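Peer 1:
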Amino acid sequence: MNDEKIIALFFERSEQAIQELDCKYGNICRSFSYHIVNNRLDAEECVNDAYLGAWNTIPPANPSPLLSYILKIVRNISTKLYWKKEAAKRNNTYTIALQEIEDCISDQNTVENKIEARELAKIIGQFLDTLSVENRVIFMRRYWFSDNYREISDRMNLSEKNISVRLTRIRKKLKQYLTERGISV
Amino acid sequence: MNSRIFTDALNEIDSKYITEAAGYQSRRKSRRIRWFIAAACLGVLILLSVYALLPKHNLAVSETLPQNGNTLPGALDTYPTVMVNGSLYEWRKGQAVMERLPRNSSYYGSLIPTDRTAPEHNCEFVSDFSAAGEIYTVSDQTDCVYLILTTDWMKNTVIIFDRIPSETVDLLTP
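Residue numbers (the working numbering), protein chains in the order written: chain C, 13 to 197; chain P, 5 to 178.
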């Protein structure tokens with residue numbers, strides 16, 4: 013079933029919408045959530061919560077594309093759970109990805125220099141626009157989707173070493189980009 | 005917490021980047037295909053190298069000899085054989101035809117066709133087809149001689165004849 017039909021079911025308030033959504037994107041959502049929470053049951057719970065979130069927001073929201081929308085909800089819920097339950101362990105893919113990026117964003121931690129997440133998102137977006145499509149996808153797969161190097165290398169048809177080198181350069185570039193704008197979070 | 009803010013910022017990022025990363029299909033050839041192509045190129049390179057390193061005959065050899073099928077005429081009955089300097093030489097098995105005689109070859113004599121089962125005198129030639137021609141030798145080469153043969157199916161063609169080992173000669177001679 014295509015996205016438009018699934019959204020139409022949401023608008024009709026038909027519970028079949030959730031079934032169709034799960035049928036089409038359930039595996040992607042669960043795998044994505046698992047990368048963050050590192051626990052099958054937690055991932056399942058996050059995805060179910062995301063479905064509920066979608067149910068509550070569509071309508072009025074009419075997302076296009078639907079996949080990005082539902083993944084965003086899954087990510088929000090999964091990261092919340094991550095901070096709540098997993099931050100202390102620091103042993104999963106998402107933690108490793110965060111450790112990598114921390115060097116770029118952790119110089120001065122003063123109150124005046126703090127920046128709103130929304131504003132930082134805008135600047136990261138501007139930074140992403142300066143990258144090539146390939147590097148942008150690599151960055152997003154690593155830090156948004158929390159894919160590991162092997163998964164990224166399979167997707168991009170590049171070696172893991174190449175992915176690692178590219179990510180190092182992107183992080184360095186990001187650090188410079190943020191520093192030039194006087195941003196430290 | 006720094007990474008917390010970064011996470012929150014990523015949660016707020018424009019959906020277009022998510023959509024792009026979610027649906028991205030690499031246009032690069034997969035690594036398996038690249039390995040396969042590299043292996044195939046290596047294979048071709050090895051074959052070319054082996055071909056280049058093969059010992060070359062100083063004269064080109066043609067395989068376009070007109071024959072009856074894949075067998076010399078009469079070869080199943082009596083294999084073409086000639087006697088030179090008291091030794092028997094037979095039509096080379098395999099690529100026997102040469103485009104021209106070796107430069108240092110010298111005339112030995114004319115063929116004397118015979119009805120015997122094996123040649124008994126120098127220049128005698130045994131075969132199941134009628135042939136005429138001349139024998140040429142190379143002074144420091146005793147393992148083969150060269151015949152310029154004319155038959156009803158080829159004309160003035162240089163054929164290599166290889167020396168028959170003595171133990172085989174004993175079986176051939178009556």
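Each residue gets a CB set at the ideal place from its N, CA and C atoms; glycine is no exception. No experiment lies behind these values; they were computed from the predicted model shown.
Taking 8 Å as the CB-CB cut-off, is Ala42 of chain P touching chain C?
Peer 2: By this cut-off, Ala42 of chain P is not an interface position.
Peer 1: Taking 8 Å as the limit between beta carbons, can you name the residues of its chain near Trp238 of chain C, skipping five residues before and five after?
Peer 2: There is no way to answer for residue 238 of chain C, as the model of chain C reaches only from 13 to 197.
Peer 1: Considering Asn151 of chain P, what are the terminal residues of the beta strand (DSSP E) in which it resides?
Peer 2: In the sequence as displayed, the identity of residue 151 of chain P is Leu instead of Asn. That run of the beta strand (DSSP E) goes Gln145 to Thr154.
Peer 1: Could you tell me if Ser165 of chain C is buried or exposed, where buried requires 16 or more neighbouring beta carbons within 10 angstroms of its beta carbon?
Peer 2: Result: buried.
Peer 1: Shortest alpha-carbon distance to Glu16 of chain C belongs to which of C:Val149, C:Asn74 and C:Tyr94?
Peer 2: Residue C:Asn74 is the option with its Cα nearest to Glu16 of chain C.
Peer 1: Alpha carbon to alpha carbon, how far is Ser76 of chain C from Glu24 of chain C? Give it in angstroms, no decimals.
Peer 2: Whole-angstrom Cα-Cα distance: 17 Å.
Peer 1: From the DSSP output, in three-state form, read off Ala66 of chain C for me.
Peer 2: Correct three-state label for Ala66 of chain C: helix.
Peer 1: Would you tell me roughly how many angstroms separate the C-alpha atoms of Arg148 of chain C and Ala56 of chain P, rounded to the nearest one?
Peer 2: Using only the alpha carbons, I get a separation of about 48 Å.
Peer 1: Which value, in whole angstroms, describes the spacing of the CA atoms of Asn160 of chain P and Ile37 of chain P?
Peer 2: Using only the alpha carbons, I get a separation of about 53 Å.
Peer 1: So with Cβ pairs under 8 Å, would you call Ser144 of chain C a contact of chain P?
Peer 2: By this cut-off, Ser144 of chain C is not an interface position.
Peer 1: Which residue's Cα is closest to the Cα of Leu83 of chain C: C:Gly194, C:Asp34, C:Gln138 and C:Val177?
Peer 2: If we check each option's Cα against that of Leu83 of chain C, C:Asp34 comes out closest.
Peer 1: For chain P, check one thing: does any of its Cβ atoms lie closer than 8 Å to the Cβ of Thr69 of chain C?
Peer 2: No - not a single Cβ of chain P is within 8 Å of the one on Thr69 of chain C.
Peer 1: Expressed to the nearest angstrom, what Euclidean distance is found between the alpha-carbon atoms of Lys185 of chain C and Phe139 of chain C?
Peer 2: Their backbone Cα atoms lie some 9 Å apart in a straight line.
Peer 1: In chain C, which residues lie with their C-beta within 8 Å of the C-beta of Tyr21 of chain P?
Peer 2: Near Tyr21 of chain P (Cβ distances below 8 Å), the residues of chain C are Gly137, Leu140, Arg148, Met152 and Trp156.
Peer 1: If you reduce the DSSP assignment to three classes, tell me which class Arg32 of chain P lands in.
Peer 2: Three-state result, Arg32 of chain P: coil.
Peer 1: So Arg8 of chain P contacts chain C; which residues on that side make the cut at Cβ distance below 8 Å?
Peer 2: Those are Trp95, listed as they occur along chain C.
Peer 1: With a threshold of 16 other CB atoms inside 10 Å of the CB of His47 of chain C, please say whether the residue is buried or exposed.
Peer 2: The residue is buried, with at least 16 neighbouring Cβ atoms inside 10 Å.
Peer 1: So is Asn50 of chain C in contact with chain P if we call contact Cβ pairs under 8 Å?
Peer 2: Answer no: the Cβ-Cβ gap between Asn50 of chain C and chain P never drops below 8 Å.
Peer 1: Find the nearest neighbour of Ser176 of chain C within the set C:Thr191, C:Lys134 and C:Ile113, judged by alpha-carbon distance.
Peer 2: Cα-wise, what sits closest to Ser176 of chain C is C:Ile113.
Peer 1: Going along chain P, which residues have a C-beta under 8 Å from Lys17 of chain C?
Peer 2: Correct list: empty, because the minimum Cβ distance to chain P is about 19 Å.
Peer 1: Can the beta-carbon of Ile168 of chain P be found less than 8 Å from the beta-carbon of Glu103 of chain P?
Peer 2: No; because the gap between Cβ atoms is not below 8 Å, this pair is not in contact.
Peer 1: Please list the partners that Thr91 of chain C has in chain P, where partner means a Cβ-to-Cβ separation under 7 Å.
Peer 2: By Cβ distance, chain P contributes Thr11 and Asn15.
Peer 1: For the alpha helix (DSSP H) that Asp166 of chain P lies in, which residues bound it at each end?
Peer 2: Element bounds for Asp166 of chain P: not the alpha helix (DSSP H) but the beta strand (DSSP E), Thr161 to Arg167.
Peer 1: For Ala56 of chain P, which residues in chain C fall below 7 Å Cβ to Cβ?
Peer 2: Per Cβ cutoff of 7 Å: no residues; Ala56 of chain P is ~33 Å from chain C at best.
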